[in-house]
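**Q** For reference, each letter of the sequence shown is one residue, going 1173 to 1479 in our numbering. Beta carbons are placed, not taken as given, at the ideal position from N, Cα and C, and that holds for glycine. Since the structure is predicted, the reported quantities are computational estimates derived from the model, not experimental observations.
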Amino acid sequence: MKLLQHLIVFPAFLVLAACGGGGGGSSSGATSGAVSNDIASNASSSAQASTSSVASLNEPEFQDLDNSGEGFGFLAGQVVRETLFTSAITGVEYPVHIYLPPGYDDSQRRYPVIYALDGQTLFPGLPYLLEDEGVEAILVAIAEGPDDRRRTDYLLPGARDYFQFIVHELIPFAEAGLRVDTSQRTIAGTSFGGVFAGLALLMDDSVDPVFHNFFAFDASFYQHPEQTEQLEQNRYLASAQLNAKVFLSSALPEGNDEFVTLFEASLAERNFNGLTVYRDRFQSTHGKITEPSFRRAIGQLWGNDAN
């Protein structure tokens, strides 16, 4: 089964080349009743309670779409929620899709969960890739908000609030009623989204981290390098222990390889204890880097290439 014969979403990866920029920084299934009922009964209270640790916030709001689960018949798994989630932290409405792997209802196991940025172009492509690679994981796709929020949310300084939105609002909402292996919680992004994945590594709690795997594909690390370096230094001063797996990729010959390499080298120079960095380069364009990178990363974590 050829991917491009079944999904028109992957040509939309080309949008990322314009939005995030490559080439060295030139600026450029039907809904499951049992599962969905569990989610619906728990999500509101979980999402609202999650903001108690964030001062002076209104409660987040969400609106389930009427067409939840429709239009994804080529997936063996389930799309159990399509939601418009309004963050009280950023004040922005984000479309969110939640995918469960095949056999979820017939199992009691806990599954890895991937939070994928740029859901407006990468969903339902990423769930397809999970199934194509035989990897069973939950996937939460977060689309960008209005007015091209990618630059605001994925880069500093706005990335700080966006990270708080994901941690304190989205995760409790998305995982309510689901069997999640929290030791395998992953954040994934490409281009500007890859920058955010790198920043999330450095912003996460040094004692009780939320995420353990970080996918940064052809990340536009030419953006605010001094601020990123300062964030890295602050993280190292907080603790030299960083138990995480980072997957870095770059597109050749005209992607962000130079800047991804600099980020990799900076992490290596810090010599964090417990940090494992996987590095890949692909003959690809910046806009098409997500597919080979995602396949490789999930294969190394949970597939045939896993250690």
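Does the separation of the CB atoms of valine 1285 and tyrosine 1271 fall below 8 Å?
**A** Along the sequence shown, one-based indexing puts residue 1285 at 113. Along the sequence shown, one-based indexing puts residue 1271 at 99. Taking 8 Å as the Cβ cut-off, valine 1285 and tyrosine 1271 do not qualify as a contacting pair.
**Q** Under the assumption that aspartate 1390 contacts glycine 1366 (Cβ atoms under 8 Å), give the Cβ distance between them as a whole number of angstroms.
**A** Numbered from its first residue, the sequence shown carries residue 1390 at position 218. Numbered from its first residue, the sequence shown carries residue 1366 at position 194. So it is a contact: roughly 6 Å between Cβ atoms.
**Q** Considering only residues of the same chain and omitting the five flanking positions on each side of serine 1208, which have a CB-CB separation below 6 Å?
**A** As a position in the sequence shown, residue 1208 is number 36, starting the count at 1. Low confidence applies here, because serine 1208 scores a pLDDT of 35, under 50, leaving its location unreliable and the question unanswered by this model.
**Q** When DSSP labels each residue in this structure, what does glycine 1349 get in the three-state scheme?
**A** Taking the first residue of the sequence shown as position 1, residue 1349 is located at position 177. Coil.
**Q** Quick one: any contact between the region 1361-1379 and the region 1320-1328, if contact means 3 or more CB pairs under 8 Å?
**A** yes
**Q** Please give the ranges of any beta strand (DSSP E) in the region 1342-1410, keeping only runs that are unbroken, at least 3 residues long and fully inside the region.
**A** 1352-1362 and 1385-1389
**Q** Buried or exposed: which applies to arginine 1468, given that a residue is buried once 16 or more other Cβ atoms fall within 10 Å of its Cβ?
**A** For the purposes of this step, residue 1468 is taken as the residue at position 296 of the sequence shown. The residue is buried, with at least 16 neighbouring Cβ atoms inside 10 Å.
**Q** Which of the three DSSP states, helix, strand or coil, is assigned to serine 1279?
**A** For this step, residue 1279 is matched to residue 107 along the sequence shown. Correct three-state label for serine 1279: coil.
**Q** Less than 8 Å between the C-beta atoms of arginine 1442 and glutamate 1404, yes or no?
**A** Counted from its first residue, the sequence shown places residue 1442 at position 270. Counted from its first residue, the sequence shown places residue 1404 at position 232. Yes.
**Q** For proline 1318, is the classification buried or exposed, using 16 other Cβ atoms within 10 angstroms of its Cβ as the cut-off for buried?
**A** Residue 1318 sits at position 146 when you count from the first residue of the sequence shown. Residue burial annotation: proline 1318 is exposed, with fewer than 16 other C-beta atoms found within 10 angstroms of its C-beta.
**Q** Taking the straight line between their C-alpha atoms, what separation do you get for alanine 1410 and leucine 1374?
**A** Walking along the sequence shown from the start, residue 1410 turns up at place 238. Walking along the sequence shown from the start, residue 1374 turns up at place 202. Taking the straight line joining both Cα atoms gives about 10 Å.
**Q** Quick check: the region 1459-1467 against the region 1283-1303, are at least 3 beta-carbon pairs closer than 8 Å?
**A** yes
**Q** Using 8 Å as the Cβ pair cut-off and three pairs as the minimum, do the region 1417-1425 and the region 1377-1390 touch?
**A** yes
**Q** Residues in its own chain within less than 6 Å of leucine 1447 by CB, not counting five upstream and five downstream?
**A** Numbered from its first residue, the sequence shown carries residue 1447 at position 275. Within the same chain, leucine 1447 has close Cβ partners Leu1414 and Ala1416.
**Q** My guess is that tyrosine 1287 and threonine 1358 are in contact by the Cβ rule of under 8 Å, so how many angstroms apart are they, rounded?
**A** Residue mapping note: residue 1287 aligns to position 115 of the sequence shown, counting from 1. Residue mapping note: residue 1358 aligns to position 186 of the sequence shown, counting from 1. Correct: roughly 7 Å between the Cβ atoms.
**Q** When you compare only the Cα positions, how much space is there between alanine 1331 and arginine 1281?
**A** Looking up residue 1331 in the sequence shown gives position 159. Looking up residue 1281 in the sequence shown gives position 109. Straight-line Cα distance between these residues: approximately 33 Å.
**Q** Work out the CA separation of alanine 1437 and aspartate 1277 for me, nearest whole Å.
**A** The count along the sequence shown starts at 1 and reaches residue 1277 at position 105. The count along the sequence shown starts at 1 and reaches residue 1437 at position 265. Approximately 43 Å, taken between the alpha carbons.
**Q** For proline 1425, does the count of other Cβ atoms within 10 angstroms reach 16, so buried, or fall short, so exposed?
**A** For the purposes of this step, residue 1425 is taken as the residue at position 253 of the sequence shown. Its Cβ having fewer than 16 others within 10 Å, proline 1425 is exposed.
**Q** Could you spell out where the beta strand (DSSP E) holding valine 1432 opens and where it closes?
**A** Taking the sequence shown and counting its residues from 1, one reaches residue 1432 at position 260. For valine 1432, there is no enclosing beta strand (DSSP E); the residue is found in the alpha helix (DSSP H) stretching over 1429-1442.
**Q** How about proline 1267 and alanine 1346: are their beta carbons less than 8 Å apart?
**A** Residue mapping note: residue 1267 aligns to position 95 of the sequence shown, counting from 1. Residue mapping note: residue 1346 aligns to position 174 of the sequence shown, counting from 1. Not closer than 8 Å, so no.
**Q** Does the separation of the CB atoms of glycine 1427 and glycine 1306 fall below 8 Å?
**A** Taking the sequence shown and counting its residues from 1, the one referred to as residue 1427 is at position 255. Taking the sequence shown and counting its residues from 1, the one referred to as residue 1306 is at position 134. Not closer than 8 Å, so no.
**Q** Who are the near neighbours of aspartate 1376 in its chain, counting only those whose CB is closer than 6 Å to its CB and skipping five residues on each side?
**A** If you number the sequence shown from 1, residue 1376 lands on position 204. Cβ neighbours of aspartate 1376 beyond the five flanking positions: Val1382 and Phe1383.
**Q** How many Å lie between proline 1232 and proline 1344 at the Cα?
**A** As a position in the sequence shown, residue 1232 is number 60, starting the count at 1. As a position in the sequence shown, residue 1344 is number 172, starting the count at 1. Rounded to the nearest angstrom, the two C-alpha atoms are 11 Å apart.
**Q** Going by DSSP, what residue range makes up the alpha helix (DSSP H) through serine 1465?
**A** Here residue 1465 refers to the residue found at position 293 of the sequence shown. Taken as a continuous stretch (DSSP letters only), the alpha helix (DSSP H) holding serine 1465 covers 1462-1474.
**Q** Does any residue of chain C have a CB that is nearer than 8 Å to the CB of glycine 1475?
**A** Protein chains in the displayed structure number just one, and chain C is not present.
**Q** Given this structure, state the Cα-to-Cα distance separating glycine 1249 from isoleucine 1310, to the nearest angstrom.
**A** Taking the first residue of the sequence shown as 1, we reach residue 1249 at position 77. Taking the first residue of the sequence shown as 1, we reach residue 1310 at position 138. Using only the alpha carbons, I get a separation of about 10 Å.
**Q** Confirm, please, whether the CB-CB distance from arginine 1407 to serine 1378 is below 8 Å.
**A** Looking up residue 1378 in the sequence shown gives position 206. Looking up residue 1407 in the sequence shown gives position 235. Yes, the pair counts as a contact, with Cβ atoms nearer than the cut-off.
**Q** Are there 16 or more other CB atoms within 10 angstroms of the CB of glutamate 1398, so buried, or fewer, so exposed?
**A** Residue numbering aside, residue 1398 sits at position 226 when the sequence shown is read from its first letter. Under this definition glutamate 1398 is an exposed residue.
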